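**Q** Let me give you the structure first, and then I'll get to my questions.
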Amino acid sequence: MVLAFILSGALVGLGGAIEVLGVHHRIFTDGSVSGFTGSAGFNGIVAALFGQLHPIGTIPASLLLGALLTGANKMQRVVQVPSALIGALNGLIVLFVVGSEYLRRSQTRRMERTAKVKNISKNKNKMESK
């Protein structure tokens, strides 16, 4: 696992160096809080959650979110849909994915409790019949 962290950090650093040195020749900071990366970190978390934290599921989720983010400006120009709607959509995706995971876990816990109670009552009935 540590090797995966080291390799991913090296690849990300290499990608950032290529972006700064080869494309723009300087770091653009727009003066906002987001700075150089914008909301790339949050978008990555949204894509990972939307893909159910599975590497294969993250691929289509990333493609979908990338298409939404890329098309946000065109949607604003052509259809007059605010591009901030995409940010709201990202937030809704996080809420629904985390909410569905919470519901799934609470349902599993509830089923385990009922199975435990049924098992206890079966054992109690067996002991009373003896």
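First residue of the sequence shown: 479, per the numbering used here; consecutive thereafter.
C-beta atoms are modelled at their ideal positions from N, C-alpha and C, and glycine is treated no differently.
In this text, all values refer to a predicted model and were calculated from it rather than measured experimentally.
For M589, name the three-state secondary structure that DSSP assigns.
**A** Helix at M589.
**Q** If contacts are defined as beta-carbon pairs under 8 Å, then V524 and L543 qualify, I think. What distance do you get, rounded to the angstrom?
**A** Rounded, the Cβ-Cβ distance is 6 Å, consistent with contact.
**Q** For the stretch 563-578 against the stretch 522-539, are there 3 or more C-beta pairs whose distance is under 8 Å?
**A** The stretch 563-578 is in contact with the stretch 522-539.
**Q** Please report the distance separating the alpha-carbon of V511 from that of S540.
**A** Only weak support is given to the placement of V511: the predicted model assigns it a pLDDT of 47, under 50, and the value that follows is read from those uncertain coordinates. The alpha-carbon atoms of V511 and S540 are separated by roughly 24 Å.
**Q** Buried or exposed: where does F528 fall if 16 or more other Cβ atoms within 10 Å of its Cβ makes it buried?
**A** Burial call: buried.
**Q** Tell me which residue opens and which closes the alpha helix (DSSP H) that P533 is part of.
**A** Per DSSP, P533 belongs to the alpha helix (DSSP H) from P533 to V557.
**Q** Spatial neighbours of F520 within its chain, please: C-beta separation below 8 Å, excluding the five flanking residues on both sides.
**A** Answer for F520: N568, listed in chain order.
**Q** Using only CA atoms, which one of V575, A495 and T586 lies nearest to L531?
**A** That would be V575, whose Cα lies nearest to the Cα of L531.
**Q** Could you please give the first and the last residue of the uninterrupted alpha helix (DSSP H) stretch that includes S486?
**A** It spans V480 to I496 - the alpha helix (DSSP H) in which S486 sits, taken as one unbroken run.
**Q** Just the C-alpha distance for A561 and T548, rounded to the nearest angstrom, thanks.
**A** As written in the sequence, residue 561 is Ser, which differs from the Ala given in the question. Going from the Cα of S561 to the Cα of T548 covers about 10 Å.
**Q** Quick one: what does DSSP say S517 is sitting in, helix, strand or coil?
**A** Residue state, collapsed to three classes: coil.
**Q** With L546 and I564 assumed to form a contact (beta carbons below 8 Å), what rounded beta-carbon distance in angstroms separates them?
**A** That pair is a contact at about 5 Å.
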